[in-house]
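For reference, the structure is listed below as structure tokens.
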Amino acid sequence: MAQPLEKVDRRDAKLALAHLFVAFTALALGGFAGLLQTLVRSGKFELPAGISYYTILTTHGVLLGLVLTTFFIIGFQFAAVSRTTGALSDGSRRTGWVGFWLMTIGTAMSAFFILTGKASVLYTFYAPLQAHAGFYIGLALVVVGSWVSGFAMFAHYARWRKTHRGQVSPLLAFMSVTNMVLWLVCTLGVAATVVFQLIPWSLGLTDRVNVLLSRTLFWYFGHPLVYFWLLPAYMVWYAVIPKVIGGKMFSDSLARLAFILFLLFSIPVGFHHQLLEPGISPFWKYVQVVLTFMVIIPSLMTAFAMFATFESYGRSQGATGLFGWLRKLPWSDARFFAPFVGMLFFIPAGTGGIINASHQLNQVVHNTIWVTGHFHLTVATTVVLTFFGASYWLIPHLTGRVMTKAMNRLAIIQTIVWAVGMTFMSGSMHFAGLLGAPRRSAFSTYGNSPQALEWIPYQIAQAVGGTILFIGIILILVIVINLAFFAPKGETEFPVAEAAAPYERAALALENWKLWIGLVVALILIAYTVPIIDIIQNAPPGSKGYKLW
Amino acid sequence: MAKAAEAARQTKKEKEPALKGTLASVFLLGFFIIFSWVSVYFLFLHRL
């Protein structure tokens with residue numbers, strides 16, 4: 010007799026779905042803003058009604074970089090925790106809803122001030138650009154809401170451990186908790202700059218702001234933010250994809266160790282975003298560059314584990330030769346195909362990251378559109394294609410529907426459209442960046458300077474890529490709406506992979522949270538204490554606010 | 801006794817999955833990273 014499918018509790022499913030709906034609404038609006046940006050930057054199109062390029066740039070960055078990702082991740086993790094450690098308690102679920110509404114109200118508030126042109130400060134909201142206080146307060150609410158949801162997950166996980174003493178927790182729950190610990194620790198930085206510096210300054214309570222301190226606190230948050238996006242994609246790769254292809258996870262302990270290494274090394278590294286910033290000593294930049302390079306280790310471990318999972322499965326199906334196993338993978342299954350293409354794009358994405366973080370090479374690419382191209386490969390391809398691939402089973406699982414063959418085919422086409430669009434857009438951004446084209450700036454020929462004229466063909470290629478990507482956004486929205494409301498009723502599996510080998514004792518040691526969080530704090534103190542004291546003690550008078558749009 | 805342990809070791813060895821393709825893949829990945837890094841490094845030197 011077939012085993013009944015293990016399902017996410019219906020009440021938890023509602024909570025997860027609410028997050029996913031906000032995420033895909035943000036994708037629709039933010040994606041449209043992205044299309045407009047690439048068209049403006051081609052030099053062939055002007056925004057109507059005096060709308061500023063920087064308003065749509067801020068809309069795009071905040072809605073996609075912060076809102077889409079955070080809502081999808083928290084919704085996905087609630088589902089993953091509920092699926093693997095049982096239904097949430099009423100208290101945890103209620104806390105989750107409080108978190109959701111805080112985040113949603115905060116998003117609406119920030120979006121209002123962006124769209125009314127009072128907060129065109131880009132998603133990095135660097136001081137001394139000064140937005141309306143409502144923008145910062147809205148963002149603070151998003152962060153606080155995410156903390157509340159994180160605590161709901163921690164409470165649920167702690168209860169599971171209490172009732173399962175001596176047992177290793179389910180991998181997806183362990184990974185969700187690791188990601189929320191990472192998030193909680195890193196958002197303390199952005200919360201500090203928003204609450205203590207930017208809100209009082211934008212309300213006129215203080216005249217001037219310590220720019221370097223605010224940027225340092227932003228990047229203390231800004232780089233681990235990248236890993237907060239990436240780790241849920243890795244959850245899908247490690248713990249879901251092996252089951253989707255019909256194989257087994259290569260190693261449960263390796264996956265857990267990789268996540269702990271990400272937790273340790275993704276936070277004390279923010280200076281690699283500030284390598285050309287005056288006011289930070291080269292020694293501390295060097296220390297953080299070394300720590301940044303440590304993060305390459307778990308990324309390469311993940312690459313190895315994925316190849317090994319695929320090869321083991323292919324060989325179990327009779328594959329021969331060096332790469333014969335590739336032919337055995339389920340290429341026509343969108344649940345596999347979309348994340349796999351995401352993995353492929355992570356090869357140039359990660360390589361670009363190594364170049365960005367190398368102190369001297371950073372001078373070649375710093376503040377050029379290469380960097381924009383880089384994070385459109387990491388978050389907007391690797392992470393997003395994996396999220397799309399997860400949506401193909403997660404949404405029907407939560408809504409009690411099944412994906413039809415026609416929708417699966419459309420999802421394969423969507424993935425190809427995305428890959429082609431991104432190759433055009435991100436590829437031309439990388440090349441234009443190497444030729445010196447700046448990021449964060451509207452179209453200009455810079456007085457017809459020969460160097461700026463060289464960039465124009467690449468900018469047109471970006472608009473072509475951006476247009477193809479917008480078609481990709483329409484396709485994914487069609488699929489998501491179908492899976493949520495119109496697909497045939499039925500049962501869809503939430504795939505969770507088994508490890509090839511039984512749990513090793515090492516896995517238990519990896520749940521020693523006191524040790525890991527202690528090490529995280531120690532590394533952060535080593536990397537940041539002296540430079541932050543220096544930034545505060547030797548600060549210039551500070552800057553008044555500027556509204557340049 | 802020693803023979804039994806040796807036999808167990810042999811069986812364990814046989815069960816190790818063949819991961820030649822994985823080895824080749826990670827090498828290709830490594831070469832791609834090195835090639836890209838060195839390319840931008842030479843661009844940096846050229847612009848000094």
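The listed protein sequences correspond, in order, to chains V and B. Under the working numbering, the first residue of the first sequence is numbered 10, with each subsequent residue one higher. Under the working numbering, the first residue of the second sequence is numbered 801, with each subsequent residue one higher. For each residue, glycine too, the CB sits at the ideal point set by N, CA and C.
Contact between the segment 134-152 of chain V and the segment 202-215 of chain V is established, with three or more Cβ pairs separated by less than 8 Å. Taking C-alpha positions only, V:P251 is separated from V:F54 by approximately 46 Å.
The count of Cβ pairs closer than 8 Å, one atom from the segment 75-92 of chain V and one from the segment 17-25 of chain V, reaches three, so the stretches are in contact. At a cut-off of 8 Å between beta-carbon atoms, B:V840 makes contact with chain V. Separation of B:L845 and V:A128 (C-alpha to C-alpha, rounded to the nearest whole angstrom) is 40 Å. Taking every protein chain shown into account, the CB of V:S119 has 16 or more other CB atoms within 10 angstroms, so this residue is buried. Of all residues in the segment 826-837 of chain B, those with a C-beta nearer than 8 Å to a C-beta of chain V are V826, L829, F832, I833, S836, W837, reading in chain order.
The Cβ atoms of V:L273 and V:W525 sit closer than 8 Å to each other.
Chain B places no beta carbon closer than 8 Å to that of V:I425, leaving this residue out of the contacts. A contact between stretches requires three or more CB pairs, one per stretch, nearer than 8 Å, and the segment 164-177 of chain V meets this requirement with the segment 94-108 of chain V. With at least 16 other beta carbons inside 10 angstroms of its own, V:R102 counts as buried.
A straight line joining the alpha-carbon of V:I378 with that of V:I488 spans about 31 Å. With at least 16 other beta carbons inside 10 angstroms of its own, V:K337 counts as buried.
V:A428 and V:F354 have their C-alpha atoms spaced approximately 8 Å apart. A contact between stretches requires three or more CB pairs, one per stretch, nearer than 8 Å, and the segment 109-124 of chain V fails this requirement with the segment 216-224 of chain V. No Cβ-Cβ contact shorter than 8 Å links V:A347 with V:A264. For a cut-off of 8 Å, the C-beta gap from V:T318 to V:G359 is around 18 Å, too long to register as a contact. Counting only residues of its own chain and dropping the five nearest sequence neighbours on each side, V:L48 has a CB closer than 6 Å to the CB of F54, A472. Under the Cβ distance rule, V:L370 counts among the residues neighbouring chain B, one pair being separated by less than 8 Å. From the beta-carbon of V:S321, the residues of chain B found nearer than 7 Å are P817. When Cβ-Cβ separations below 8 Å define contact, V:W464 makes no contact with chain B.
V:P405 is positioned such that its CB atom lies no closer than 8 Å to that of V:T301. The beta carbon of V:L56 is closer than 8 Å to those of L45, V49, Y62, I65 in its chain, skipping five residues each way along the sequence.
CA-to-CA, the gap between V:N417 and V:L29 works out to about 19 Å.
Its Cα nearest to that of V:M315, the residue V:S260 stands out among V:S260, V:V299, V:A451. Note on geometry: alpha-carbon atoms of V:S308 and V:N457 lie some 43 Å from one another. In the three-state reduction of the DSSP assignment, V:R410 falls in the strand class. Within the model, the alpha-carbon separation for V:K553 versus V:P137 is close to 7 Å. DSSP, read as helix, strand or coil, puts V:Y135 in coil. Cβ atoms of V:A461 and V:S453 come within 8 Å of each other, at about 7 Å. Annotation: V:R448 has no Cβ neighbours in chain B at a cutoff of 7 Å; minimum Cβ distance is about 17 Å. For V:I250, the nearest beta carbon of chain B is not closer than 8 Å to its own beta carbon.
Contact check for V:A510 against V:V411 fails: the beta carbons are separated by 8 Å or more.
Taking C-beta atoms under 8 Å as the contact rule, V:A164 and V:F87 fail to qualify, at a distance of about 12 Å. Closest in C-alpha terms to V:P466, from the list V:L444, V:L484, V:A312, V:F479, comes V:L444.
Around the beta carbon of V:I542, a 10 Å sphere encloses fewer than 16 other beta carbons of the protein chains shown; the residue is thus reported as exposed.
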